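K.L.:
Got a structure for you, written out below as structure tokens; questions coming shortly.
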Amino acid sequence: MALKTEEMVLNMGPQHPSTHGVLRLELQIDGEIIIDVIPHIGYLHRCFEKHCEAMTYPQVIPYTDRMDYLASMYNEFGYALAMERLMKIEVPERVEYIRVIMGELQRIASHLVALGTYGADIGAFTPFLFCFRDRERILHLFEITCGARLLYNYIWIGGLSHDLHPDFIRLTKEFIKDFRPNVKELNELLSYNRIFIERTANVGVLPIETAINYGVSGPNLRASGMKWDLRKDDPYSVYHKFDYDIPIGKGEKGKTGDCWDRYYVRVLEMDESLKIIEQAIEQIPDGDVTSAIPKRVKPPEGQIYTRVENPRGELGYFIISDGSINPARVKVRAPSFVTMQVFPELCKGFMVADVVAILGSVDIVLGEIDR
Amino acid sequence: MMYDWLYNLTGSEILAMFIVSLLPLFVFILPFALFAVLMERKVSAHMQDRLGPMRTGYHGILQTIADIIKLLQKEDLVPTATDKILFNLAPLLAFIGSYAAFAAIPFSGFFIGTKIDLGIIFIVGVTGLVVAGILMAGWASNNKYSLLGAMRAAAQIISYEIPTLLIILTIIMLTGTLSLYDLSEMQTAYFWNWLILGGPAVGLQKILLIPFMIMGCLIIYTSTLAEVNRTPFDIPEAESELVSGYHTEYSGMKFAMFFLAEYANMFAVSAIVAIMFFGGYQSPFGYLGNTLGWTWLVPIEQFFWFTSKGLFFVFVQMWLRWTLPRFRVDQLMAFCWKYLIPFSFVILLLVGLIALM
Numbered sequence: 239m240a241l242k243t244e245e246m247v248l249n250m251g252p253q254h255p256s257t258h259g260v261l262r263l264e265l266q267i268d269g270e271i272i273i274d275v276i277p278h279i280g281y282l283h284r285c286f287e288k289h290c291e292a293m294t295y296p297q298v299i300p301y302t303d304r305m306d307y308l309a310s311m312y313n314e315f316g317y318a319l320a321m322e323r324l325m326k327i328e329v330p331e332r333v334e335y336i337r338v339i340m341g342e343l344q345r346i347a348s349h350l351v352a353l354g355t356y357g358a359d360i361g362a363f364t365p366f367l368f369c370f371r372d373r374e375r376i377l378h379l380f381e382i383t384c385g386a387r388l389l390y391n392y393i394w395i396g397g398l399s400h401d402l403h404p405d406f407i408r409l410t411k412e413f414i415k416d417f418r419p420n421v422k423e424l425n426e427l428l429s430y431n432r433i434f435i436e437r438t439a440n441v442g443v444l445p446i447e448t449a450i451n452y453g454v455s456g457p458n459l460r461a462s463g464m465k466w467d468l469r470k471d472d473p474y475s476v477y478h479k480f481d482y483d484i485p486i487g488k489g490e491k492g493k494t495g496d497c498w499d500r501y502y503v504r505v506l507e508m509d510e511s512l513k514i515i516e517q518a519i520e521q522i523p524d525g526d527v528t529s530a531i532p533k534r535v536k537p538p539e540g541q542i543y544t545r546v547e548n549p550r551g552e553l554g555y556f557i558i559s560d561g562s563i564n565p566a567r568v569k570v571r572a573p574s575f576v577t578m579q580v581f582p583e584l585c586k587g588f589m590v591a592d593v594v595a596i597l598g599s600v601d602i603v604l605g606e607i608d609r
Numbered sequence: 524m525m526y527d528w529l530y531n532l533t534g535s536e537i538l539a540m541f542i543v544s545l546l547p548l549f550v551f552i553l554p555f556a557l558f559a560v561l562m563e564r565k566v567s568a569h570m571q572d573r574l575g576p577m578r579t580g581y582h583g584i585l586q587t588i589a590d591i592i593k594l595l596q597k598e599d600l601v602p603t604a605t606d607k608i609l610f611n612l613a614p615l616l617a618f619i620g621s622y623a624a625f626a627a628i629p630f631s632g633f634f635i636g637t638k639i640d641l642g643i644i645f646i647v648g649v650t651g652l653v654v655a656g657i658l659m660a661g662w663a664s665n666n667k668y669s670l671l672g673a674m675r676a677a678a679q680i681i682s683y684e685i686p687t688l689l690i691i692l693t694i695i696m697l698t699g700t701l702s703l704y705d706l707s708e709m710q711t712a713y714f715w716n717w718l719i720l721g722g723p724a725v726g727l728q729k730i731l732l733i734p735f736m737i738m739g740c741l742i743i744y745t746s747t748l749a750e751v752n753r754t755p756f757d758i759p760e761a762e763s764e765l766v767s768g769y770h771t772e773y774s775g776m777k778f779a780m781f782f783l784a785e786y787a788n789m790f791a792v793s794a795i796v797a798i799m800f801f802g803g804y805q806s807p808f809g810y811l812g813n814t815l816g817w818t819w820l821v822p823i824e825q826f827f828w829f830t831s832k833g834l835f836f837v838f839v840q841m842w843l844r845w846t847l848p849r850f851r852v853d854q855l856m857a858f859c860w861k862y863l864i865p866f867s868f869v870i871l872l873l874v875g876l877i878a879l880m
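As you go down the protein sequences, you meet chains Z and V in turn.
Position one of the first sequence corresponds to residue 239 (my numbering), numbered consecutively onward.
Position one of the second sequence corresponds to residue 524 (my numbering), numbered consecutively onward.
Dropping the structure here:
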């Protein structure tokens, strides 16, 4: 008599330690092998886009903070950029420099969370706290600048809410000096750890064609081997003035586009961001950061799509203005949302433990997926 | 011997037996668990640039006591869909398994629960009860995560018992005794008599034995790590995947039982490594008591050396836990069957040949 076997449905989340927020994954498993994954999103839905229609343009900024709460600076950056292009505002050079510095610091902070929690997902808890220790210093830099640690409301349309704190430059330089050895330490502790490589190399391989077909962007796309970064390919702000590289996944430990590549691209990107910050601090001009802020934000009728390279990929704002003080429509192209769609593809045929590894490596933020 | 001494003192066989069987629990396991939990937190904290518990008592030394009081006060929650009998029995069984092992562990020449001749086999056998407890917990919880965790735990513990036993067999073959007391007595005097350095063998034989003994020690330490579900083999309780594995549904004192069993087990396996390779309770360089002529001091010194060795290995376990990531379940099995077991067989064979010399 043949034994009857059946697939088991395992609900992972919304309350689960490694779904990085409130994501529910419906896993169909055969033993421990994944047959299919169905992500259920929407637990964090806050009607961002509908809300915006009831707000004036500047009032939208605090809401953008709350989308990708690990990269709030960059969300504001993108929104401010879109509005400035819509209203044709010339922004003082100093503002642009500060925005770039803040944006890159935010990128490092965001990647630190991604790398640290990834370590914790794989089972190494110590790197997690090491990463948070360094992130803490970046948050401190933000705090002395604008008073907030997570949701800043710092980058405004046409300017900034505050100029830099007198200590900011000195503290940032100190941070860069201390942070480089810490990255090395992280590499020794986690990146090149044999067990870590065993767990992540050749797992959840994202071939470049699939990545392009799904519209994956950011570090996940670059890990698959495509040199695509909006800071270079569709330059905005003052990024063209700096010298930096775009790291891509090379498949050093396994196939190109596996979890290890996605992890390691982020490590390398932190280093590039440090380079940008270093150069920006040297070149930063003087000026008034509030001079170009419009008294009354009332853009002309029209529409605009602006995209920026947020730590998770291409963050796009599509804004339609009907000439009033409220936006007629604000649509956000969220990088995590796009990445989430490719996630089931990555998981098929791997084990339950790999789902956690893959989910951590694509680095999603549920606040942004659900909005 | 503790039992004889208590028998003479109390004049009652049952009372003496009772006290002897309770002694490891109250004199050792509970204080050890209190200390080890705090140690784990402090070790992890200092490795991670933190301070760990600081508020309860001086540098948080009362933290574990506060935790236990909290656990005692908690409601004894039994989810409705569970198999009640098994659910309640499982933590007991897990604890009994690890507690019973302490009966045969010689803390010193004097403080030993019972001097059974099959000591080592007894420990290996009785800790097998822990697997039953874990499986019961996983099944009775009626929770998919618990079930997955329990299945993983059972598969892992049973697989890793094989290399452990093969190395134990090597030692038995070499020394010709199954009694842990005899094993410790055999490695007396100075540290070059410890089995890791070839034991009491002499000449060429001793030198030939050393590499195999070191390898054997590493293998048994690794596989006992897996048996007590510590990182990098903490797959049954892999927090990021299975929430907390087989004890997800447990709370209050039942959870504390699993916890206590885990810490007791940690010491038990460290003790086995210490006894088999590092001279058990023997001091590495003679006894102060013998030098001064105070014979009553010797057992106390032995107790000190034994706990120090045990604690050192427990510390290494913690060290590894807060450094390494964890294996995936199939990699774990592959590691056991493809590397540890073949190597143990080779060691068994070659040590056998050397012993014949």
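Glycine included, every Cβ here is placed at the ideal spot set by N, Cα and C.
All values derive from a computational prediction rather than experimental measurement.
Could you check the C-alpha separation between L398(Z) and G453(Z) for me, to the nearest Å?
P.N.:
On the first sequence, residue 398(Z) is found 160 positions in, with the first residue counted as 1. On the first sequence, residue 453(Z) is found 215 positions in, with the first residue counted as 1. Near 32 angstroms, if we compare the C-alpha coordinates of G453(Z) and L398(Z).
K.L.:
Starting from V852(V), find everything on chain Z with Cβ-Cβ shorter than 8 angstroms and list it in chain order.
P.N.:
One-based indexing of the second sequence puts residue 852(V) at position 329. Here the neighbours are E270, M589, A591.
K.L.:
Below 8 angstroms on C-beta distance, what does E436(Z) contact in chain V?
P.N.:
Within the first sequence, the letter at position 198 stands for residue 436(Z). The answer, in chain order, is F850, R851, Q854.
K.L.:
Extract the residue ranges of the alpha helix (DSSP H) inside the stretch 680-730 of chain V, only unbroken runs of 4 or more that lie entirely within it.
P.N.:
Fully enclosed alpha helix (DSSP H) runs of 4 or longer: 703-709.
K.L.:
Return the residues of the stretch 277-294 of chain Z that lie within a Cβ-Cβ distance of less than 7 angstroms from chain V, sorted by chain order.
P.N.:
Listed by position, the residues of the stretch 277-294 of chain Z near chain V (Cβ gap below 7 angstroms) amount to none.
K.L.:
Below 9 angstroms on C-beta distance, what does W845(V) contact in chain Z?
P.N.:
Taking the second sequence and counting its residues from 1, the one referred to as residue 845(V) is at position 322. Ordered by position in chain Z, the residues that pass the 9 angstroms Cβ test against W845(V) are A362, F363, T364.
K.L.:
In angstroms with no decimal places, state the Cα-to-Cα distance between I608(V) and M674(V).
P.N.:
Your numbering for residue 608(V) matches position 85 in the second sequence. Your numbering for residue 674(V) matches position 151 in the second sequence. Using only the alpha carbons, I get a separation of about 20 angstroms.
K.L.:
By a C-beta neighbour count over all protein chains shown, 10 Å radius and 16 as the cutoff for buried, is T603(V) buried or exposed?
P.N.:
In the second sequence, the residue the question calls residue 603(V) occupies position 80. Counting Cβ neighbours within 10 Å, T603(V) comes out exposed, since fewer than 16 surround it.
K.L.:
Identify whether G554(Z) lies in helix, strand or coil by the three-state DSSP scheme.
P.N.:
By one-based count along the first sequence, residue 554(Z) stands at place 316. Strand, per DSSP.
K.L.:
Could you tell me whether the stretch 418-433 of chain Z touches the stretch 556-565 of chain Z, where touching means 3 or more Cβ pairs closer than 8 angstroms?
P.N.:
Short answer: they don't touch.
K.L.:
Below 8 angstroms, how does it come out for the stretch 569-589 of chain Z and the stretch 474-488 of chain Z: are there three or more Cβ pairs, yes or no?
P.N.:
Judged by Cβ distances under 8 angstroms, the stretch 569-589 of chain Z makes no contact with the stretch 474-488 of chain Z, as fewer than three pairs qualify.
K.L.:
L553(V) and T587(V): beta carbons closer than 7 angstroms?
P.N.:
Position 30 of the second sequence holds residue 553(V). Position 64 of the second sequence holds residue 587(V). Cβ atoms of L553(V) and T587(V): not closer than 7 angstroms.
K.L.:
Enumerate, from N- to C-terminal direction, the unbroken alpha helix (DSSP H) stretches of 4 or more residues contained entirely within the stretch 588-673 of chain V.
P.N.:
Fully enclosed alpha helix (DSSP H) runs of 4 or longer: 607-624, 642-663.
K.L.:
Starting from Y786(V), follow its DSSP beta bridges and name the residues at the other end.
P.N.:
Position 263 of the second sequence, counting from 1, holds the residue named residue 786(V). According to DSSP, Y786(V) bridges with nothing at all.
K.L.:
Are the stretch 345-356 of chain Z and the stretch 364-371 of chain Z touching by the rule of at least three beta carbon pairs closer than 8 angstroms?
P.N.:
Result yes; three or more Cβ-Cβ pairs closer than 8 angstroms.
K.L.:
Taking Cβ-Cβ distances shorter than 7 angstroms, what residues in chain V pair up with L367(Z)?
P.N.:
In the first sequence, the residue the question calls residue 367(Z) occupies position 129. Here the neighbours are Q571, D572, R573.
K.L.:
Using the Cα positions of T814(V) and M780(V), report the straight-line distance between them to the nearest angstrom.
P.N.:
Here residue 814(V) corresponds to residue number 291 of the second sequence, with the count starting at 1. Here residue 780(V) corresponds to residue number 257 of the second sequence, with the count starting at 1. Looking at the two C-alpha atoms, the distance is approximately 43 angstroms.
K.L.:
Taking the DSSP output, what are the residues bridged to E520(Z)?
P.N.:
Within the first sequence, the letter at position 282 stands for residue 520(Z). DSSP output for E520(Z) lists no bridge partner at all.
K.L.:
Run the CB neighbour count on G875(V), radius 10 Å, all protein chains shown included, and call it buried at 16 or more, exposed below.
P.N.:
Position 352 of the second sequence, counted from the start, is the residue given in the question as residue 875(V). Exposed, by the Cβ-count rule.
K.L.:
Where M736(V) and L658(V) are concerned, what is the direct C-alpha to C-alpha distance, given to the nearest angstrom?
P.N.:
In the second sequence, residue 736(V) corresponds to position 213, counting from 1. In the second sequence, residue 658(V) corresponds to position 135, counting from 1. Answer to the nearest angstrom: the Cα atoms are 34 angstroms apart.
K.L.:
Tell me, to the nearest whole angstrom, how far the beta carbon of S455(Z) is from that of G495(Z); I am working on the premise that it is less than 8 angstroms.
P.N.:
The sequence position of residue 455(Z) within the first sequence is 217, counting from 1. The sequence position of residue 495(Z) within the first sequence is 257, counting from 1. With 8 angstroms as the limit, S455(Z) and G495(Z) do not qualify as a contact, their Cβ atoms being about 14 angstroms apart.
K.L.:
At which residue ranges does the stretch 284-366 of chain Z contain complete beta strand (DSSP E) runs of 3 or more residues, listed in the order of the chain?
P.N.:
As far as the stretch 284-366 of chain Z is concerned, it has no whole beta strand (DSSP E) run of at least 3 residues.
K.L.:
What is the DSSP secondary structure of S559(Z), reduced to helix, strand or coil?
P.N.:
By one-based count along the first sequence, residue 559(Z) stands at place 321. Reduced to three states, the DSSP call for S559(Z) is strand.
K.L.:
Quick one: does I395(Z) have its CB under 7 angstroms from some CB of chain V?
P.N.:
Mapped onto the first sequence, residue 395(Z) falls at position 157. With 7 angstroms as the cut-off, I395(Z) does not count as an interface residue toward chain V.
K.L.:
Could you name the residues that DSSP lists as bridge partners for Y543(Z)?
P.N.:
What you label residue 543(Z) is simply residue 305 of the first sequence in a count that begins at 1. Its beta-bridge partners are F556(Z).
K.L.:
Please list, in chain order, the residues of the stretch 431-455 of chain Z that have any C-beta partner in chain V closer than 8 angstroms.
P.N.:
Cβ contacts with chain V: N431, I433, F434, E436, R437.
K.L.:
Sorted by chain position, which residues of the same chain lie with C-beta nearer than 8 angstroms to N431(Z)'s C-beta, five sequence neighbours on each side aside?
P.N.:
The sequence position of residue 431(Z) within the first sequence is 193, counting from 1. Result list for N431(Z): A362, in chain order.
K.L.:
Is it buried or exposed for P330(Z), if we count other Cβ within 10 angstroms and need 16 for buried?
P.N.:
Taking the first sequence and counting its residues from 1, the one referred to as residue 330(Z) is at position 92. When all chains shown are included, P330(Z) counts as buried.
K.L.:
Using a Cβ cut-off of 8 angstroms, pull out every chain V residue sitting near M578(Z), in sequence order please.
P.N.:
Sequence index remark: in the first sequence, residue 578(Z) carries index 340 (1-based). Here the premise fails: no neighbours, minimum Cβ distance about 19 angstroms.
K.L.:
Is it true that the CB of S669(V) sits closer than 7 angstroms to the CB of Y769(V)?
P.N.:
Within the second sequence, numbered from 1, the residue matching residue 769(V) stands at position 246. Within the second sequence, numbered from 1, the residue matching residue 669(V) stands at position 146. The answer is yes: Cβ separation under 7 angstroms.
K.L.:
If you measure between the beta carbons of V654(V) and I691(V), is that distance less than 7 angstroms?
P.N.:
Position 131 of the second sequence, counted from the first residue, corresponds to residue 654(V). Position 168 of the second sequence, counted from the first residue, corresponds to residue 691(V). Cβ distance not < 7 angstroms, so V654(V) and I691(V) don't count as in contact.
K.L.:
Check each residue of the stretch 585-612 of chain V: if its Cβ is closer than 7 angstroms to any Cβ of chain Z, include it; give the result in chain order.
P.N.:
For the stretch 585-612 of chain V, which is checked against every Cβ of chain Z, not one residue is closer than 7 angstroms.
K.L.:
Nearest-angstrom Cα distance between E552(Z) and N313(Z)?
P.N.:
Numbered from its first residue, the first sequence carries residue 552(Z) at position 314. Numbered from its first residue, the first sequence carries residue 313(Z) at position 75. Taking the straight line from one Cα to the other gives about 11 angstroms.
K.L.:
Are the Cβ atoms of E772(V) and N666(V) separated by less than 7 angstroms?
P.N.:
As a working mapping, residue 772(V) is identified with position 249 in the second sequence. As a working mapping, residue 666(V) is identified with position 143 in the second sequence. The answer is yes: Cβ separation under 7 angstroms.
K.L.:
Along the chain, where does the beta strand (DSSP E) containing M250(Z) start, and where does it finish?
P.N.:
Here residue 250(Z) corresponds to residue number 12 of the first sequence, with the count starting at 1. M250(Z) -> beta strand (DSSP E) spans 246-250.
K.L.:
Anything in chain Z within Cβ reach of P755(V), meaning under 8 angstroms, just list it in chain order.
P.N.:
For the purposes of this step, residue 755(V) is taken as residue 232 along the second sequence, with counting starting at 1. Those are G361, I433, listed as they occur along chain Z.
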